[in-house]
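Visitor:
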Amino acid sequence: MTGEDCIFCKIVAGELPAEKVAEDEHTIAFMDLNPWTRGHSLVIPRNHSRNLYEVDPEDLRHTAVSAQRLAERMRDRLGCDGVNLLNSCEPAAWQTVFHLHLHVIPRYEGDPLRLPGQPQRPEEGELARVAAELRA
Ligand code: AMP
Ligand code: ZN
């Protein structure tokens with residue numbers, strides 16, 4: 067399965083260069099071109115899917131397991147103090163490349179990376195209302 071004009075499919079096919087750090091039968095991991103921290107990498111399934119909504123659950127599982135292995139390697143080789151896993155699904159959630167990928171972002175004590183979001187105190191009853199919508 068390949069996405070036409072998908073840059074990550076081109077990386078899988080070897081038609082675009084990438085600084086690969088790991089690969090197996092189902093997944094490839096390579097350096098993000100614009101890293102947020104030292105070692106910031108992307109893990110993708112070899113099979114094309116647009117994002118979390120569409121990925122085959124088995125491909126998602128393989129991708130998550132590869133991300134776990136890579137996180138351990140970042141800890142052992144780069145000496146990071148923690149890792150953020152990030153996935154963006156659709157433009158409203160910052161997705162810019164439409165082939166499922168997990169960002170594996172090594173974190174270092176005191177590094178300057180901050181997420182733009184601020185936790186908000188919900189209105190009275192809001193948590194119960196939204197939970198009911200999700201449960202239905
Ligand atoms: P997202 O915004 O979650 O869709 O993330 C896409 C990520 O892919 C961004 O962090 C880009 O820096 C990265 N990126 C785009 N093109 C390439 C490429 N050819 N090789 C490596 N990383 C890329
Ligand atoms: Zn693709």
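Our numbering numbers the first residue of the sequence shown as 67 and each following residue consecutively. Beta carbons: idealized from backbone N, C-alpha and C, even for Gly.
In whole angstroms, give me the CA-to-CA distance for Ala95 and Ala88.
Guide: On the sequence shown, position 29 is the one that residue 95 refers to. On the sequence shown, position 22 is the one that residue 88 refers to. Taking the straight line from one Cα to the other gives about 5 Å.
Visitor: Does the beta-carbon of Asn100 have 16 or more other beta-carbons within 10 angstroms, so that it is buried, or is it exposed?
Guide: Residue mapping note: residue 100 aligns to position 34 of the sequence shown, counting from 1. Per the 10 Å Cβ criterion, exposed.
Visitor: Does DSSP put Glu199 in a helix, a strand or coil?
Guide: Here residue 199 is taken as the residue at index 133 of the sequence shown, counted from 1. DSSP places Glu199 within a helical segment (H, G or I) once states are collapsed to three.
Visitor: Within 10 angstroms of its Cβ, does Val196 collect 16 or more other Cβ (buried), or is it exposed?
Guide: Position 130 of the sequence shown, counted from the first residue, corresponds to residue 196. Exposed is the call here.
Visitor: Return the first residue and the last residue of the beta strand (DSSP E) that Ala88 is part of.
Guide: If you number the sequence shown from 1, residue 88 lands on position 22. Under the DSSP assignment, Ala88 falls in the beta strand (DSSP E) whose first and last residues are 86-89.
Visitor: Who are Ala159's beta bridge partners in DSSP?
Guide: Along the sequence shown, read from residue 1 onward, the residue named residue 159 stands at position 93. Its beta-bridge partners do not exist; DSSP assigns none.
Visitor: On the three-pair Cβ rule with 8 Å, is the stretch 118-136 touching the stretch 159-171?
Guide: By the Cβ test, the stretch 118-136 is in contact with the stretch 159-171, since at least three Cβ pairs between them sit closer than 8 Å.
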